[in-house]
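S.K.: In numbering that gives the first Met the number 0, the protein residues as written are 0 to 141.
For glycine and all other residues, C-beta sits at the position ideal for the given N, C-alpha and C.
Predicted model, so just to flag it, every value in this text is computed and none were measured.
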Amino acid sequence: MAEAWLYDYTDFGEGTGRSPQPVLRAVVGVATPGAPSRFAAVIDTGGPITVVASEMLLTGGDPVRRSETMLLRLGGSTNEVGLYDLTLEIRPPASAPSASPISWRSIVAVLDPWPHHGTAVILGQTGFLDTFTVTFGPDGFV
Numbered sequence: 000m001a002e003a004w005l006y007d008y009t010d011f012g013e014g015t016g017r018s019p020q021p022v023l024r025a026v027v028g029v030a031t032p033g034a035p036s037r038f039a040a041v042i043d044t045g046g047p048i049t050v051v052a053s054e055m056l057l058t059g060g061d062p063v064r065r066s067e068t069m070l071l072r073l074g075g076s077t078n079e080v081g082l083y084d085l086t087l088e089i090r091p092p093a094s095a096p097s098a099s100p101i102s103w104r105s106i107v108a109v110l111d112p113w114p115h116h117g118t119a120v121i122l123g124q125t126g127f128l129d130t131f132t133v134t135f136g137p138d139g140f141v
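(1) How far does the beta strand (DSSP E) with PHE38 in it extend, from its first residue to its last?
(2) If you compare alpha carbons, which of VAL120, LEU56, VAL80 is closest to SER66?
(3) For ALA168, count neighbouring C-beta atoms within 10 Å of its own C-beta (all shown protein chains included) and say buried if the count is 16 or more, exposed if not.
(4) With a threshold of 7 Å on Cβ separation, who are the neighbours of ARG24 within its own chain once the five nearest residues in sequence on each side are excluded?
(5) Any heavy atom of the ligand MN closer than 7 Å to the Cβ of TRP103?
(6) When the Cα of ALA108 is compared with those of SER94, GLU2, LEU73, which residue comes out closest?
(7) Beta-carbon separation of ALA52 and ASP111 under 8 Å?
(8) Pick helix, strand or coil for LEU23, following the three-state DSSP scheme.
(9) Let me confirm a value: PHE141 is counted as buried when at least 16 other C-beta atoms fall within 10 Å, else exposed. Which label applies?
The structure is reproduced here in structure tokens:
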């Protein structure tokens, strides 16, 4: 089994929640295999499915449109979105420069236009958390 990767939380400048601490997000780098750039991906433990911006389909990953859609409630709106089979890869954190990305294929929902500045992927229960185990701690997550 591979060594777990430790990530720091990300502050997108959203201010504070109910405490004086800033709102921090669990963010990893995700791309399609072989793509030169990565996208910021927020891990959403309550999200039902992995959601990607439509631009992700243009970067590779052999997207295959499925013959089904779903209603997606995100960012205060409800959209009917297409579902795709897509290969993604999680990129290692800067603290593990010699580690190789890990690829997986899953069902993703594609949302256009994308509502979240600074990200292009929301990693949900189907398509990420059913593939990877994530452990959250006070100073970071693995």
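M.R.: In terms of the structure at hand:
(1) 38-42
(2) VAL80
(3) No answer is possible for residue 168: the residues shown for the chain start at 0 and end at 141.
(4) TYR8, THR9, PHE11, VAL41
(5) Because no ligand of any kind appears in the structure shown, any question about the ligand MN cannot be addressed here.
(6) LEU73
(7) yes
(8) coil
(9) For clarity, residue 141 is Val in the given sequence; the question names Phe instead. By the neighbour-count rule (16 or more Cβ atoms within 10 Å), VAL141 is not buried but exposed.
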